[in-house]
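**Q** Numbering (the numbering used here), first residue to last: 23 to 595.
Ideal Cβ positions, reconstructed from N, Cα and C, are used throughout, including at glycine.
The structure displayed is predicted, hence computed values, not measured ones.
First the structure, which I've put down as structure tokens, then a few questions once you've had a look.
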RNA sequence: GGGAACGUAGCUCAAUUGGCAGAGCAAGCGACUCUUAAUCGUUUGGUUGUGGGUUCGAGUCCCACCGUUCCCA
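Take a look at the structure:
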């Protein structure tokens, strides 16, 4: 076809590649005008919210001669012949720009036809800086009456629908920056999150707690029952684990003589993903010498209610339709009591496991095969019958020793430890003990854990000899507390999923295509090169597999179903 | 790990029993000095997640895979 494709006439464009090409062409045109589509700096005098507040009383049609400068993203354009209205959004809010051809062209004498250039070369999504005065339009919209503008950053990609926004959850999480641009409540969530962590630190600092940073890379992953991530240090030639808790290092600091320490930081657990779990999440652990778990209860309820008051201005918060009252004191109940209330079974009365098991089964509790002590049974009953019913903040006290290897034995109740967990909206939100300080007891408990680990329990703890050595030097009586920050933020921001309070939650990679592969028949090594550049050598792969891979109509699919997860591999670095 | 649902244009969504893939917004072009989901005219834009299968014919039915969401463990 001999169609006339004049290079000066932009082709009509509406798919992504064409929109992008059109905008890249605009970048070139901006440069031809001697302007920089990617500016270095801009000085604003105000933010949008400040202007909205300052001129709230300006009457319709009224103007004031105050000079202002403001910058932000163009999120809407309403363009007339010699007049245009843009909506500008900055971090604080929105304000309209009143753009008049006459005024702009009379001011920007260096740029001939400045108004028309703005009309032609700007798009929604661009970052724009403007200077001008203040005017409330006749229709009542507070506006900056623009005399000068500068395109600070040219955007190449279109924003989502101005009315419906971005709703696709996958895209919202994978491209959080777009989500943040178009969904103001998402920005608000992360603003509140920052205020919460700041308020927690402020609360603790005014009470003389020190925040001390402990290692993320650890040679033993201890302090919790969880599977760790494993990594490798090349020059030291050693395996390292990402921390699953900060507990054992913070306790070393107590041994060292600090009396009030905490750390608010990222924890990594190699576990599944759900609305309540992200493999990396944020926890605060607090340790106070000479305190017990009763002191930690007071600290917990005061800290959290104080934070809510400071950040939200109230201790009564709405969560997914429930009103949660965080005003202290919170309900305190022992695990035995609360389980008995829910199931009618008093687990304290049993002396042998089998009769307890029978009673539990009669009460409708599923007993997993690895549950072989009364204490674990009690915990099962609690998790199955009680946990989700605890909506208002509740301290659940006095846990079985079997599931609490780092907690001090209860001073009055044999078989139990001085431990509490806080539940709200049916979720565990905090965990605390009178910390175990007897080094010999601690060694026995960790040895029992290590035995479980040796028997295949991937979540059991290892023995951290150096931690035990620290305890042998002597740790004062100490109360410890851990609070899940993400879950607290969920509560205070009324977020249903943990992914709504983590800016960049972990998502599965969209699978990368296989670029090429070859086979070493002698060593039975299948070497696969992926599109992202990584190379994997799959070991002991029979020749038949290689043949089928070569002949299949879909390499990626064959790989997914027949090779990945089925053969061991080495990564080529 | 098990179950259910979903995946269509840049965004938000349609598409009857298996029968021509459509709309709004966004985008291109034109008009317009009070719009605010601007309006009016006009023009574009699709490998229906991927790979197979059934069929004269597949967005729709079947199988596998990828991803997401929710529930359960």
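Could you check where the alpha helix (DSSP H) with residue 584 kicks off and where it finishes?
**A** Stepping through the first chain from its first residue, residue 584 is reached at position 562. Its alpha helix (DSSP H) spans residues 577 to 584.
**Q** Runs of 3 residues minimum, wholly inside the region 441 to 520: which ones carry the beta strand (DSSP E) assignment?
**A** Fully enclosed beta strand (DSSP E) runs of 3 or longer: 449 to 456 and 500 to 506.
**Q** Would DSSP call residue 116 helix, strand or coil?
**A** By 1-based counting over the first chain, the position of residue 116 is 94. Three-state DSSP puts residue 116 in a strand.
**Q** Could you check what DSSP says for residue 561 in three-state terms: helix, strand or coil?
**A** To locate residue 561, count along the first chain from 1; it is residue 539. Note: residue 561 maps to coil in three-state DSSP.
**Q** Would you mind stating whether residue 500 and residue 309 have Cβ atoms separated by less than 8 Å?
**A** Taking the first chain and counting its residues from 1, the one referred to as residue 500 is at position 478. Taking the first chain and counting its residues from 1, the one referred to as residue 309 is at position 287. Yes, they are a contact pair.
**Q** Quick check: what's the CA-CA separation for residue 426 versus residue 441?
**A** By 1-based counting over the first chain, the position of residue 426 is 404. By 1-based counting over the first chain, the position of residue 441 is 419. Looking at the two C-alpha atoms, the distance is approximately 8 Å.
**Q** Taking DSSP's pairing of strands, which residues face residue 426 in a bridge?
**A** Within the first chain, numbered from 1, the residue matching residue 426 stands at position 404. Residue 426 is not bridged to any residue.
**Q** Apart from the five residues just before and just after residue 302, which ones in its own chain have a Cβ nearer than 6 Å to its Cβ?
**A** Counted from its first residue, the first chain places residue 302 at position 280. The answer, listed in chain order, is 288 and 290.
**Q** Are residue 369 and residue 412 touching if we call contact CB-CB under 8 Å?
**A** Counting from one through the first chain, the residue named residue 369 turns up at place 347. Counting from one through the first chain, the residue named residue 412 turns up at place 390. No, these two residues do not count as a Cβ contact at 8 Å.
**Q** Buried or exposed for residue 260, going by 16 or more other Cβ atoms inside 10 Å?
**A** Against the first chain, residue 260 aligns to sequence position 238. Residue 260 should be labelled exposed.
**Q** Which partner residues of residue 594 appear in the DSSP bridge assignment?
**A** The sequence position of residue 594 within the first chain is 572, counting from 1. Answer by DSSP bridge pairing, in chain order: 557.
**Q** Enumerate in chain order the residues of its own chain whose CB-to-CB distance from residue 65 is below 7 Å, with the five nearest sequence positions on each side excluded.
**A** In the first chain, counting from the first residue as 1, residue 65 sits at position 43. These residues qualify, in order along the chain: 91.
**Q** For residue 402, which residues of its own chain have a beta-carbon under 8 Å away from its beta-carbon, when the five flanking residues on both sides are left out?
**A** For the purposes of this step, residue 402 is identified with residue 380 of the first chain, where counting begins at 1. The answer, listed in chain order, is 382, 387, 388, 389, 390 and 393.
**Q** Please determine whether the Cβ atom of residue 218 lies at a distance below 7 Å from any heavy atom of the ligand ADP.
**A** The ligand ADP is absent from the structure shown, which contains no ligands of any kind.
**Q** Using alpha carbons as the reference points, say which of 108, 576, 257 and 161 lies closest to residue 151.
**A** On the first chain, residue 151 is found 129 positions in, with the first residue counted as 1. Ranking 108, 576, 257 and 161 by Cα distance to residue 151 puts 108 first.
**Q** Whose C-beta lies closer than 6 Å to the C-beta of residue 186 among residues of the same chain, with five residues either side of it excluded?
**A** Locating residue 186 in the first chain gives position 164, where the first residue counts as 1. Excluding sequence neighbours, residue 186 sits near nothing in its chain.
**Q** Helix, strand or coil, according to DSSP, for residue 42 in the structure here?
**A** If you number the first chain from 1, residue 42 lands on position 20. In the structure shown, residue 42 sits in a helix (DSSP, three-state: H, G or I).
**Q** Look at the Cβ atom of residue 465, then the Cβ atom of residue 428, and state whether they are nearer than 8 Å.
**A** To locate residue 465, count along the first chain from 1; it is residue 443. To locate residue 428, count along the first chain from 1; it is residue 406. It is not a contact, given that the beta carbons lie outside the stated cut-off.
**Q** Whole angstroms are fine: how far does the CA of residue 560 sit from the CA of residue 586?
**A** Indexing the first chain from 1 puts residue 586 at position 564. Indexing the first chain from 1 puts residue 560 at position 538. Rounded to whole angstroms, residue 586 to residue 560 spans 9 Å at the Cα level.
**Q** Tell me which same chain residues have a C-beta within less than 8 Å of the C-beta of residue 24, skipping the five on either side of it?
**A** Mapped onto the first chain, residue 24 falls at position 2. Reliability of the predicted coordinates at residue 24 is poor, the pLDDT of 31 falling under 50, and the value obtained from them is presented with this limitation in mind. Contacts found: none.
**Q** If you run the structure through DSSP and keep just helix, strand and coil, what is residue 542?
**A** What you label residue 542 is simply residue 520 of the first chain in a count that begins at 1. Correct three-state label for residue 542: strand.
**Q** Per DSSP, residue 338 forms a beta bridge with which residues?
**A** In the first chain, residue 338 corresponds to position 316, counting from 1. DSSP, once it has assigned bridges, lists 347 as partnering residue 338.
**Q** Beta-carbon within less than 6 Å of residue 553's beta-carbon, same chain only, minus the 5 sequence neighbours each way: which residues are those?
**A** Your numbering for residue 553 matches position 531 in the first chain. Counting only Cβ-Cβ distances below 6 Å, and skipping sequence neighbours, we find 534, 535 and 537.
**Q** Can you tell me whether residue 509 is buried or exposed? The criterion is at least 16 other CB atoms within 10 Å of its CB, across all chains shown.
**A** As a position in the first chain, residue 509 is number 487, starting the count at 1. Per the 10 Å Cβ criterion, buried.
**Q** Going by the DSSP bridge assignment, what does residue 570 pair with across the sheet?
**A** The sequence position of residue 570 within the first chain is 548, counting from 1. Bridge partners of residue 570: none, in fact.
**Q** Tell me which residues share the same chain as residue 347 and place their Cβ nearer than 8 Å to its Cβ, disregarding the 5 neighbours each side in the sequence.
**A** Mapped onto the first chain, residue 347 falls at position 325. These residues qualify, in order along the chain: 337, 338, 414 and 415.
**Q** Ends of the alpha helix (DSSP H) at residue 275?
**A** To locate residue 275, count along the first chain from 1; it is residue 253. Start and end: 269 to 277.
**Q** Taking the beta carbon of residue 48 as the centre, do at least 16 other beta carbons fall within 10 Å, making it buried, or is it exposed?
**A** Locating residue 48 in the first chain gives position 26, where the first residue counts as 1. Label assigned to residue 48: buried.
**Q** Could you tell me the boundaries of the beta strand (DSSP E) in which residue 255 lies?
**A** Position 233 of the first chain, counted from the first residue, corresponds to residue 255. Where residue 255 is concerned, the enclosing beta strand (DSSP E) stretches over 252 to 255.
**Q** If we ignore side chains and look at the alpha-carbon of each, how far apart do residue 445 and residue 487 end up?
**A** Working through the first chain from its first residue, we reach residue 445 at position 423. Working through the first chain from its first residue, we reach residue 487 at position 465. The straight-line gap from Cα to Cα measures roughly 33 Å.
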